[in-house]
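Please read the structure below before turning to the comments.
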Amino acid sequence: MAQDWTVKKRRPVRRKHIAPLLKRLEQDLEIDLNVDGAFIEMANFGPWTMAFLDKIPIVIEVVNDKGERYVFLTLRGFIQQPQAKKWVEVDHGAIPFLMNGADCMIAGVHDADDSIVPGDLVWIRDMTHKKPLAVGWSVMTGPDMVNGIKGKGIKTLHWVGDELWEME
Numbered sequence: 225m226a227q228d229w230t231v232k233k234r235r236p237v238r239r240k241h242i243a244p245l246l247k248r249l250e251q252d253l254e255i256d257l258n259v260d261g262a263f264i265e266m267a268n269f270g271p272w273t274m275a276f277l278d279k280i281p282i283v284i285e286v287v288n289d290k291g292e293r294y295v296f297l298t299l300r301g302f303i304q305q306p307q308a309k310k311w312v313e314v315d316h317g318a319i320p321f322l323m324n325g326a327d328c329m330i331a332g333v334h335d336a337d338d339s340i341v342p343g344d345l346v347w348i349r350d351m352t353h354k355k356p357l358a359v360g361w362s363v364m365t366g367p368d369m370v371n372g373i374k375g376k377g378i379k380t381l382h383w384v385g386d387e388l389w390e391m392e
């Protein structure tokens, strides 16, 4: 994640303007985002577009290297939606590295969603408490991360303690 990114063009939006984005997210992660009655805002944060629900950044829209747009939850969003798909579980040895923004190595991966394919946005959680730790781009499939011995499994994009995590 880049340094010195600032929030720009933060503005309130109606639910109908953000509905297609939320619908795509709900289908991809198999979750139910209930935004009825919530105060919804949109903003730009560096190259990302974000949605705030009741002043908390919940949704980000990012672009991959090929120029394709992806919609995903932030870590605060995953705290509210712990049953979401596209997860990878890591052991306690990996947590300090992930908290500093390091990429996730497959040696620390203990389990992963079988539906993960290379290039997917995934979220990383600890294996004991199931709490979100980071979000990143998968480099390999979920089963390959679990069965692999060494190498990089996920390129980290957003982690606990970064600028987006500290934002309100």
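Going by the numbering used here, the final residue of the sequence shown carries number 392, and the count climbs one at a time with no gaps.
Ideal placement from N, C-alpha and C gives every residue a C-beta, glycine not left out.
Because the structure is a prediction, the values reported are computed rather than measured.
Kindly indicate which three-state DSSP category residue 390 falls into: helix, strand or coil?
-> Three-state result, residue 390: helix.
Where are the beta strand (DSSP E) runs, 3 residues long or more, that stay fully inside the region 239 to 277, in chain order?
-> Listed in chain order, the complete beta strand (DSSP E) runs (minimum 3 residues) inside the region 239 to 277 are 264 to 269 and 272 to 277.
By how many angstroms is the C-alpha of residue 235 removed from the C-alpha of residue 279?
-> If I take the Cα positions, the gap works out to 11 Å.
At which residue ranges does the region 292 to 367 contain complete alpha helix (DSSP H) runs of 4 or more residues, listed in the order of the chain?
-> Within the region 292 to 367, the runs of alpha helix (DSSP H) that reach at least 4 residues and sit entirely inside it are, in chain order, 299 to 304 and 319 to 323.
Just mark residue 256 as buried or exposed, buried being the case when its beta carbon has 16 or more other beta carbons within 10 Å.
-> Residue 256 sits exposed, since fewer than 16 C-beta atoms from the chains shown fall within 10 Å of its C-beta.
So residue 311 packs on residue 347, CB below 8 Å; how close in whole Å?
-> A Cβ-Cβ distance of about 6 Å is found for the pair residue 311 and residue 347, placing them in contact under the 8 Å criterion.
Can you say whether residue 373 is buried or exposed, counting buried as having 16 or more other CB atoms within 10 angstroms of its CB?
-> Answer is exposed; the Cβ neighbour count stays below 16.
How big is the Cα-Cα spacing for residue 237 and residue 331?
-> If I take the Cα positions, the gap works out to 43 Å.
Between 259, 326, 296 and 355, which lies nearest to residue 241 when the distance is taken from Cα to Cα?
-> Considering only alpha carbons, the answer is 259.
Can the beta-carbon of residue 370 be found closer than 8 Å to that of residue 333?
-> Residue 370 is a Cβ neighbour of residue 333, given a cutoff of 8 Å.
Under the DSSP definition of a beta bridge, which residues are partnered with residue 378?
-> According to DSSP, which records beta bridges pairwise, residue 378 is partnered with 328 and 362.
Is it true that the CB of residue 338 sits closer than 8 Å to the CB of residue 306?
-> Taking 8 Å as the cut-off, the beta carbon of residue 306 is found no closer than this to the beta carbon of residue 338.
For residue 235, which beta-bridge partners are listed by DSSP?
-> DSSP output for residue 235 lists 266 as bridge partner(s).
Residue range of the beta strand (DSSP E) that residue 287 falls in?
-> Going by DSSP, residue 287 is part of the beta strand (DSSP E) stretching over 280 to 287.
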